[in-house]
Amino acid sequence: MSQANRHIIGQGFLSGMAMVLAMSYGIWFGIDPVYFGAKATDMYAIPSNPTVFKSHITHNFFLVVAIYLWLLCFFRTEKPALKGVYAALTLLGLVNLFGMIDGRTGWLVFMVIPLYFGYQKLGFKGFLLAGFVFAAMLVAAYFLVDNIHDRFSTTWLEIQQVLRDKPQQGTSIGERVIYLTSSWSAFLQAPFFGYGLGGVQGAVQPFTSAAGWPTFYNPHNQFLMLMLQGGLLALVFYIWFFGLAVFKSATSVWSSTFVLPLLMIYFVGNLLNSFHFDFAESVAFVILYAVLLGATAWD
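In the numbering used here, each residue's number is its place in the sequence shown (first place is 1) plus 4.
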């Protein structure tokens with residue numbers, strides 16, 4: 005895969021995300037989402053949560069990737085006009101990510117960007133400094149940005165419910181506790197080879213039923229999903245597969261800049277979701293891996 009082809013893939017993705025961002029702002033300003041091919045529901049494509057086509061988890065995840073690439077474009081271009089465009093897209097993306105869209109996965113995944121830049125500039129000290137600055141900015145945003153304040157306040161209430169051993173159905177934290185506890189209990193019953201592909205729902209059903217919880221087929225954690233379906237064997241193979249990609253992406257300047265951070269974004273996201281299971285995210289990962297392999301072969 006030549007460098008020109010890699011740029012075409014990146015430009016196509018960023019053009020698509022620019023369109024999604026524009027439509028998201030349109031919905032936020034009150035334009036009927038039907039004009040964009042989307043349908044308003046109680047949760048999505050509404051001014052208080054202006055997502056387009058996908059849920060806020062998918063929207064935020066891809067927006068973090070786009071923000072990172074727009075930042076790279078801003079630093080690398082020498083044309084003032086283009087710098088202005090990339091700066092505007094980055095700023096609009098940040099406002100959309102933190103101030104307009106529900107969901108906390110995107111905020112957590114975004115942490116990879118300052119940590120990566122900090123490490124690139126100052127090594128481990130830069131990594132720690134970037135982490136401190138990011139945490140301080142989140143604290144400030146809690147008091148200044150209504151969307152972040154509301155989501156973190158809700159998180160704390162949900163955590164309190166969990167601490168009282170009463171995780172609530174219908175809340176993101178409560179549901180994830182249900183996913184975690186039931187999945188872990190099921191995994192312990194078949195730790196080496198799991199329950200086979202598609203076996204998640206059947207594996208967790210005895211434990212969800214005993215607790216009076218609804219069953220599920222996606223534990224919202226990629227590592228748990230692998231362990232339930234293939235046991236420790238699947239987890240070992242995945243670690244080898246993903247670790248090889250990380251190692252390969254660190255061997256050249258290009259791939260360590262354009263591939264390695266995106267792999268880390270996937271890694272962090274997979275702690276809270278199954279991004280190799282969700283369709284859009286899994287397809288994007290296949291494309292990312294193909295770009296890595298093509299770049300390695302070409303370089």
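Built from N, CA and C at the ideal position, the CB exists for glycine as well.
Ile50, DSSP secondary structure in three states: Three-state result, Ile50: strand.
Residue range of the alpha helix (DSSP H) that includes Met229: If you look at Met229, you'll find it in the alpha helix (DSSP H) that goes Gln226 to Ser253.
Length of the line joining the Cα atoms of Leu239 and Lys83: Roughly 46 angstroms separates the two Cα atoms.
Proximity below 7 angstroms, CB of Phe131 to CB of Tyr123: For Phe131 and Tyr123, yes; Cβs fall inside 7 angstroms.
Run of the alpha helix (DSSP H) containing Lys87, from where it starts to where it stops: For Lys87, the enclosing alpha helix (DSSP H) stretches over residues Pro84 to Gly103.
Contact between the region 206–222 and the region 240–251 (3+ Cβ pairs under 8 angstroms): With the rule of 3 Cβ pairs closer than 8 angstroms, the region 206–222 does not count as touching the region 240–251.
Sequence-distant residues of the same chain with beta carbon closer than 8 angstroms to Leu266, five excluded per side: Taking Leu266 as the centre and dropping the five residues before and after it, the same chain places the C-beta of Val69, Tyr72 and Leu292 closer than 8 angstroms to its C-beta, in chain order.
Segment limits, alpha helix (DSSP H) that includes His63: Segment His60 to Arg80, the alpha helix (DSSP H) holding His63.
Own chain residues within Cβ distance below 6 angstroms of Val263, not counting five before or after: Result list for Val263: Ser253 and Leu296, in chain order.
Nearest neighbour of Arg180, chosen from Gly200, Ala140, Ala144 and Asn225 [CA to CA]: From the listed residues Gly200, Ala140, Ala144 and Asn225, the smallest Cα separation to Arg180 is found for Asn225.
Straight-line gap, Val38 to His153 (C-alpha atoms, nearest Å): One C-alpha to the other measures close to 30 angstroms.
Leu232 and Thr109 closer than 7 angstroms at C-beta: Result no, Cβ atoms of Leu232 and Thr109 do not sit closer than 7 angstroms.
Residues near Phe283 in its chain [Cβ-Cβ closer than 6 angstroms; skip 5 each side]: Excluding residues within five positions, none has a Cβ falling inside 6 angstroms.
Burial state of Asn53 (16 or more Cβ within 10 Å): Under the 10 Å beta carbon count, Asn53 is surrounded by 16 or more other beta carbons and is classified as buried.
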